[in-house]
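Peer 1: Under my numbering, the very last position in the sequence shown is 397; numbers go up by exactly one each time.
Backbone N, C-alpha and C define an ideal beta-carbon position, used for all residues, glycine too.
This structure is in structure tokens; I'll ask about it shortly.
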Amino acid sequence: MWDFDIGRSVSIMMRTWPFIVFRMIVYFGITLAYIVATGTGASVGYGVGHISTDPDGPMSFALWGGVVGFGAVSIAVYWIREYILYVVKAGHIAVMVHLIDGRDVPDGQNQIAYARKVVTERFAEANILFVVDQLVKGAIRAITGLLGGIAAFLPIPGLSGLVSFINTVIRLSLTYVDEIILGYNIRINSSSPFETARQGVVLYAQNGKTMVKNAVWLAVIMWGVSFVIFLLMLAPAGAILFIMPGQLAGWAFVLAIVFAWAFKAAFIEPFAIACLMQVYFKTIAGQVPDPAWDIRLAEASSKFRELKDKALASFGGSRWGTAGATR
71 MWDFDIGRSV SIMMRTWPFI VFRMIVYFGI TLAYIVATGT GASVGYGVGH
121 ISTDPDGPMS FALWGGVVGF GAVSIAVYWI REYILYVVKA GHIAVMVHLI
171 DGRDVPDGQN QIAYARKVVT ERFAEANILF VVDQLVKGAI RAITGLLGGI
221 AAFLPIPGLS GLVSFINTVI RLSLTYVDEI ILGYNIRINS SSPFETARQG
271 VVLYAQNGKT MVKNAVWLAV IMWGVSFVIF LLMLAPAGAI LFIMPGQLAG
321 WAFVLAIVFA WAFKAAFIEP FAIACLMQVY FKTIAGQVPD PAWDIRLAEA
371 SSKFRELKDK ALASFGGSRW GTAGATR
């Protein structure tokens with residue numbers, strides 16, 4: 071079935087409890103912002119709606135006020151995504167990488183300061199990490215096609231619809247590959263993040279069948295847990311919106327999704343990343359990036375070509391740099 075150790079991943083999460091708490095504060099804070107902004111927008115809209123001569127004015131304005139409030143928070147979250155990646159995600163990954171390798175890390179709040187120091191050494195600026203992350207995400211999209219999709223695993227003639235569906239599942243399962251590559255970058259102490267990201271993508275691609283198999287299993291587990299959380303969140307979301315003015319009952323569905331997203335980001339994502347990093351580090355042990363895969367990825371993905379160009383232009387960005395050999 072899968073190659074990751076669930077118990078070990080849970081243990082890693084428990085040892086990184088300061089980051090779990092940190093993630094809870096950040097993501098549930100965002101959820102609270104959605105609730106407050108939606109409620110405030112609805113209240114303002116409800117009040118303005120009484121000026122209208124339309125008998126449905128207050129309800130209609132309340133609905134649109136909620137939409138505006140929800141949209142405003144969404145824009146704010148979009149603009150702070152670099153900070154979340156740099157401080158929250160990258161820091162947590164840095165600590166998990168060290169624990170997977172059996173290295174000691176501080177406990178308590180010192181763990182967050184320690185992780186930030188590690189990330190800063192690898193990525194002096196948040197925008198560098200963000201650019202690397204976006205290029206890796208773009209390059210990863212080409213891997214499913216290069217692997218032949220599900221046909222590479224289960225060639226079933228005459229079932230094109232099913233094959234297409236499962237290929238979609240595979241693409242969705244690649245959500246956390248950029249975090250795995252970030253973990254690889256931190257693990258080998260690279261001084262050239264673009265070059266190391268390039269190597270990490272190639273190593274992932276040349277071990278694609280193993281990695282995708284585990285990613286699919288993990289995605290199924292996560293989607294099941296997320297759906298249960300969503301169902302559990304419908305009741306409190308509905309209760310919150312019940313006290314708001316106007317006809318916002320339909321927003322209970324949206325708010326439940328936001329609640330489920332917060333739980334997923336705070337608890338489920340770090341578990342998934344810990345599982346996949348275990349598999350990735352074990353699978354690539356002793357390997358070097360295959361130049362043939364480098365060529366195939368460059369031909370298939372403009373983002374990988376851009377990553378490659380930045381790697382070659384950066385300090386230490388020779389053909390494979392000094393970090394070509396993995397642990």
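From residue 326 to residue 145, what distance separates their C-alpha atoms?
Peer 2: Residue 326 sits at position 256 when you count from the first residue of the sequence shown. Residue 145 sits at position 75 when you count from the first residue of the sequence shown. So the alpha carbons of these two residues sit roughly 19 Å apart.
Peer 1: Below 8 Å between beta carbons: does that hold for residue 98 and residue 332?
Peer 2: Here residue 98 refers to the residue found at position 28 of the sequence shown. Here residue 332 refers to the residue found at position 262 of the sequence shown. For residue 98 and residue 332, yes; Cβs fall inside 8 Å.
Peer 1: Quick one: using the 10 Å Cβ neighbour count with 16 as the cut-off for buried, is residue 197 buried or exposed?
Peer 2: Taking the sequence shown and counting its residues from 1, one reaches residue 197 at position 127. Exposed: under 16 other Cβ atoms inside 10 Å.
Peer 1: With distances taken Cα to Cα, identify the nearest neighbour of residue 274 among 289, 290, 261, 255.
Peer 2: For this step, residue 274 is matched to residue 204 along the sequence shown. Residue 255 is the option with its Cα nearest to residue 274.
Peer 1: By alpha-carbon positions, which one of 303, 283, 362, 253 ends up nearest to residue 165?
Peer 2: Taking the sequence shown and counting its residues from 1, the one referred to as residue 165 is at position 95. Nearest option by C-alpha distance: 253.
Peer 1: Classify residue 298 as buried or exposed, calling it buried when 16 or more other Cβ atoms lie within 10 Å of its own Cβ.
Peer 2: Here residue 298 corresponds to residue number 228 of the sequence shown, with the count starting at 1. So residue 298 ends up on the exposed side.
Peer 1: In whole angstroms, what is the alpha-carbon distance linking residue 288 and residue 347?
Peer 2: If you number the sequence shown from 1, residue 288 lands on position 218. If you number the sequence shown from 1, residue 347 lands on position 277. Distance between the alpha carbons of residue 288 and residue 347 is about 12 Å.
Peer 1: Suppose only complete runs of 3+ residues qualify. What are the beta strand (DSSP E) ranges in the stretch 338-390, listed by chain order?
Peer 2: None, since the stretch 338-390 contains no complete beta strand (DSSP E) of that length.
Peer 1: Round the Cβ separation of residue 115 and residue 142 to the nearest angstrom and send it over; I've been treating them as touching at under 8 Å.
Peer 2: Taking the first residue of the sequence shown as position 1, residue 115 is located at position 45. Taking the first residue of the sequence shown as position 1, residue 142 is located at position 72. About 13 Å separates the two Cβ atoms, so there is no contact after all.
Peer 1: Return helix, strand or coil for residue 191, following the three-state DSSP convention.
Peer 2: As a working note, residue 191 is residue 121 in the sequence shown. It is helical.
Peer 1: Starting from residue 77 and walking both ways along the alpha helix (DSSP H), at which residues does that stretch end?
Peer 2: Against the sequence shown, residue 77 aligns to sequence position 7. Unbroken alpha helix (DSSP H) run through residue 77: 76-85.
Peer 1: Are the beta-carbon atoms of residue 181 and residue 88 separated by less than 8 Å?
Peer 2: Indexing the sequence shown from 1 puts residue 181 at position 111. Indexing the sequence shown from 1 puts residue 88 at position 18. Yes, the Cβ-Cβ distance between residue 181 and residue 88 is below 8 Å.
Peer 1: Between which two residues does the alpha helix (DSSP H) holding residue 172 run?
Peer 2: Counting from 1 along the sequence shown, the entry for residue 172 is found at position 102. From DSSP, residue 172 is part of no alpha helix (DSSP H); its letter is neither H nor E.
Peer 1: Excluding the 5 residues preceding and the 5 following residue 169 in the sequence, name in chain order all residues of the same chain whose CB lies nearer than 8 Å to its CB.
Peer 2: Along the sequence shown, one-based indexing puts residue 169 at 99. Result list for residue 169: 82, 85, 86, 175, in chain order.
Peer 1: Cutting at 7 Å between CB atoms, please list the residues of its own chain near residue 276, excluding the five before and the five after it.
Peer 2: Locating residue 276 in the sequence shown gives position 206, where the first residue counts as 1. Correct list, in chain order: 360, 363.
Peer 1: Report the CB separation of residue 93 from residue 336 in whole angstroms; it is logged as a contact under 8 Å.
Peer 2: Counted from its first residue, the sequence shown places residue 93 at position 23. Counted from its first residue, the sequence shown places residue 336 at position 266. So it is a contact: roughly 4 Å between Cβ atoms.
Peer 1: What residue from 212, 95, 201 has the CA that sits closest to residue 372's CA?
Peer 2: Here residue 372 corresponds to residue number 302 of the sequence shown, with the count starting at 1. Looking at the Cα atoms, 212 is the closest of the given residues.
Peer 1: Below 8 Å, how does it come out for the stretch 343-357 and the stretch 103-111: are there three or more Cβ pairs, yes or no?
Peer 2: The stretch 343-357 vs the stretch 103-111: no contact.
Peer 1: If you check the beta carbons only, do residue 200 and residue 152 fall under 8 Å apart?
Peer 2: As a first step, residue 200 must be located in the sequence shown, where it is residue number 130. As a first step, residue 152 must be located in the sequence shown, where it is residue number 82. Yes, Cβ-Cβ distance for residue 200 and residue 152 is below 8 Å.
Peer 1: Measuring only the C-alpha atoms, how far is residue 208 from residue 376?
Peer 2: As a position in the sequence shown, residue 208 is number 138, starting the count at 1. As a position in the sequence shown, residue 376 is number 306, starting the count at 1. Taking the straight line joining both Cα atoms gives about 10 Å.
Peer 1: Nearest-angstrom Cα distance between residue 301 and residue 283?
Peer 2: Residue 301 sits at position 231 when you count from the first residue of the sequence shown. Residue 283 sits at position 213 when you count from the first residue of the sequence shown. Distance between the alpha carbons of residue 301 and residue 283 is about 28 Å.
Peer 1: Return helix, strand or coil for residue 177, following the three-state DSSP convention.
Peer 2: One-based indexing of the sequence shown puts residue 177 at position 107. Looking at residue 177 - three-state DSSP - the assignment turns out to be coil, as it is neither helix nor strand.
Peer 1: By a C-beta neighbour count over all protein chains shown, 10 Å radius and 16 as the cutoff for buried, is residue 354 buried or exposed?
Peer 2: Counted from its first residue, the sequence shown places residue 354 at position 284. Answer is buried; the Cβ neighbour count reaches 16.
Peer 1: Could you give the residue range of the alpha helix (DSSP H) that holds residue 277?
Peer 2: Your numbering for residue 277 matches position 207 in the sequence shown. Where residue 277 is concerned, there is no enclosing alpha helix (DSSP H), given that its DSSP letter is neither H nor E.
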